[in-house]
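Notes for the one structure printed next.
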Amino acid sequence: MYFSSYQNLRKRLLSREISCETVVLDYLERIRKNHERNVYITVFNDQALQRAKELDRKLEAGEQPGRLFGLPMAVKDNLSVKDASLTCASKILEGYTAVYNATAVERLLKEDAVFLGKVNMDEFAMGSSNENSAFGPVPNPYDDSRVPGGSSGGSAAAVAGDLAMVALGSDTGGSVRQPAGFCNVVGLKPTYGRISRYGLVAFGSSFDQIGILSRNCDDAALVLGVIAGKDAADTTSSQHVVPDYLSEMGSVSLKGMKIGVPEEYFPETLDPGVALAVRNRLEELRDAGAELVDIALPESDHAIAAYYILTTAEASSNLARFDGARYGYRSGDASDLSGMYVNSRSEGFGGEVKRRIMLGTYVLSAGYYDTYYKKAQQVRRVFLDRYKEALAKVDVIAGPTSPFPPFGIGDKMDEPLEMYLADVFTVPASIAGLPALSVPAGFDRSGLPVGLQLIGDFFDEGKLLGIAREIQRSQEE
């Protein structure tokens, strides 16, 4: 059973051509058959089936179906789903069960979505390959020997492998967009504050944003319209009006649109296959009436350094709460309270998480705060100013999502700096808080997916999705 879009599925559900129960059973069976792919950490077999039956009864009773009636979804395992395991793919949250729903989860449930389970990820969303997981890596659906990207690798692999129609992820510096590019799906990181972070386990609080992964732009727009908006439980959520994103997408015209192409996004070191695929898509946009405008963003070279100073500083604070005292993993090898704290964290956190906690603690320490953290905050302001200046001259900014195609499992685990460079093109939009998405741009000569990234002005998600839809349509013709 395959559905090209949620709208196609919804039509068949509402006409009672098929039932929610049938759809959910089909997805659960596929998940069971693909268990060895390690995409799901927790599968909601009984809960999802019960939910589907309830929705079928609702329709039979003549009640109004929700906007996402029967949509089969996966949830990244750093989002809280009441009465379900919440691990963040870490040993330190062993045995923890969430006691409330994240706001995004609650809003989806109110519109009749169905959650199939919690998917794999890099531990505490720290990574670009999904290899930093206490539950093991996830293979790329296009090549089992390669990574799906990260940290939302399970979310991307679930959608690409048809183990969920849509998935929620989180994006701190590219964790939705980069795996979307690696897995040939759409990955949207909205404007910072567009979606409430309540119920999302924090990594870098001033960067984190819940994102959406889907096969097509329409599905992403429908889900965004449900979960976006102000939330009293998150003071950083925006009061900006939530538009009809499908309507906004429909009003997008490529004729006369100015698309900024930064020279810094096409360095000599860019993988040739990635460059070719992205250039081809940009030329198609030009052929459709858009104007390609060369722009310069010279501060891009400082993006990775500023990002890792700021996010690790926030992580060192956010992760201090995981100490073995109140919940999760507690070391049994300690003679006093201090030893229990130290041993629980040393044994519970993985290597990459400990590396970032130590770096964050270092840059916040006396004597280094001004040298590193304060300077990185100043660079962040410069980034915002430069992108605002650029977006005053062009409608959107376009370039590759990643500098290279999906790499082999294990290839970069011993070279953390090389791993960090996987996000060199996605980090700037996160630093500035701007909306950005990755849309499939084709494949390289080896048949590996390539993603094209679009960056827009604040709250321009509808425009980004509209352009991305045109890019997808051009490849279908």
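Going left to right, the sequence shown walks through residues -18 to 458 as the numbering used here numbers them. Using N, Cα and C, we set each Cβ at its ideal position, and we do this for glycine too. Note that the structure is predicted; figures quoted are calculated from it, not measured.
Any idea if residue i is buried or exposed, counting beta-carbon neighbours within 10 angstroms, 16 or more meaning buried?
| i | result |
| --- | --- |
| L(-5) | exposed |
| S319 | exposed |
| P248 | exposed |
| E17 | exposed |
| Y310 | buried |
| K374 | exposed |
| T84 | buried |
| D314 | exposed |
| Y(-17) | exposed |
| G428 | exposed |
| R302 | exposed |
| T293 | buried |
| V377 | buried |
| A403 | buried |
| M339 | exposed |
| A282 | Before going on, a small fix: residue 282 reads as Asp here, not Ala. By the neighbour-count rule (16 or more Cβ atoms within 10 Å), D282 is not buried but exposed. |
| T78 | exposed |
| V222 | exposed |
| K393 | buried |
| G476 | Residue 476 is absent from the model: the chain starts at -18 and stops at 458. |
| E370 | exposed |
| G43 | exposed |
| L74 | buried |
| L398 | exposed |
| T68 | buried |
So, residue i versus residue j, is the Cβ gap smaller than 8 Å?
| i | j | result |
| --- | --- | --- |
| I390 | P118 | yes |
| C164 | A141 | yes |
| G180 | L60 | yes |
| G192 | K170 | yes |
| S66 | T23 | yes |
| A296 | R337 | yes |
| A29 | L97 | yes |
| L(-10) | G51 | yes |
| I240 | A379 | yes |
| V431 | V255 | yes |
| G162 | G206 | no |
| Q(-12) | D199 | yes |
| G168 | L194 | yes |
| L372 | D438 | yes |
| V80 | A139 | no |
| Y246 | P381 | yes |
| N299 | F188 | no |
| S136 | M400 | no |
Which residues in the same chain as residue i place their Cβ atom closer than 6 Å to its Cβ, once the five residues preceding and following it in sequence are excluded?
| i | result |
| --- | --- |
| G447 | M230 and V233 |
| S132 | M102, D103, A106, G108 and S156 |
| L433 | V259, R262, V420 and A422 |
| S186 | E295 |
| D37 | S0, C1 and E2 |
| Y8 | P53 and L97 |
| K236 | G270 |
So, for residue i: in the same chain, excluding its five sequence neighbours on each side, which residues have a beta-carbon less than 7 Å away from its beta-carbon?
| i | result |
| --- | --- |
| S367 | The amino acid at residue 367 is misidentified as Ser; the sequence shows Arg. Hits under 7 Å: L278 and E280. |
| Y173 | Q190 and G414 |
| S312 | G305, M321, N324, S325 and E328 |
| V405 | A284, I285 and P384 |
| Q220 | K211 |
| E265 | S455 |
| L273 | I240, V242, L263 and R267 |
| L445 | V377, P416, L418, L435 and G437 |
| R88 | V207 and I208 |
| E244 | D275 and A277 |
Am I right that residue i and residue j are in contact with their C-beta atoms under 8 Å? What's the rounded C-beta distance?
| i | j | result |
| --- | --- | --- |
| S114 | A70 | 4 Å |
| S383 | Q159 | 5 Å |
| V325 | D304 | Reading the sequence as shown, one finds Ser at residue 325 and not Val. The pair is a contact, with the Cβ atoms about 6 Å apart (cut-off 8 Å). |
| F388 | V166 | Not quite, the Cβ-Cβ distance comes to about 18 Å (not below 8 Å), so this is no contact. |
| A209 | R175 | 5 Å |
| E442 | Y288 | E442 to Y288, Cβ: 22 Å. No contact. |
| N461 | Q358 | Absent from the model: residue 461. The displayed extent of the chain is -18 to 458, so no value can be given. |
| I436 | A417 | 4 Å |
| P409 | F440 | Actually they do not touch by this definition, with Cβ atoms about 18 Å apart. |
| F116 | N19 | 7 Å |
Apart from the five residues on each side of it in sequence, which residues of its chain come closer than 8 Å, Cβ to Cβ, to residue i?
| i | result |
| --- | --- |
| T250 | P384 |
| L82 | Note on identity: in this sequence residue 82 is Asn, with Leu being the wrong assignment. Once the five neighbours on either side are set aside, the close Cβ partners of N82 are S61, V62, K63, L90 and G180. |
| E112 | D103, P118, V128, G131, I390, G391 and M394 |
Would you say the beta carbon of residue i is closer than 7 Å to some non-hydrogen atom of the ligand NAP?
| i | result |
| --- | --- |
| A145 | Among the components modelled here there is no ligand, and therefore nothing to report on the ligand NAP. |
Inset, instruction - Determine, using beta-carbon pairs with one atom in the region 339 to 352 and one in the region 120 to 131, whether at least three such pairs fall under 8 Å. - result: no
Inset, instruction - Would you check if the region 93 to 105 and the region 42 to 54 touch, i.e. whether three or more CB-CB distances between them fall below 8 Å? - result: yes
Legend entry - the region 49 to 60 / the region 137 to 147 touching (three or more Cβ pairs under 8 Å): yes
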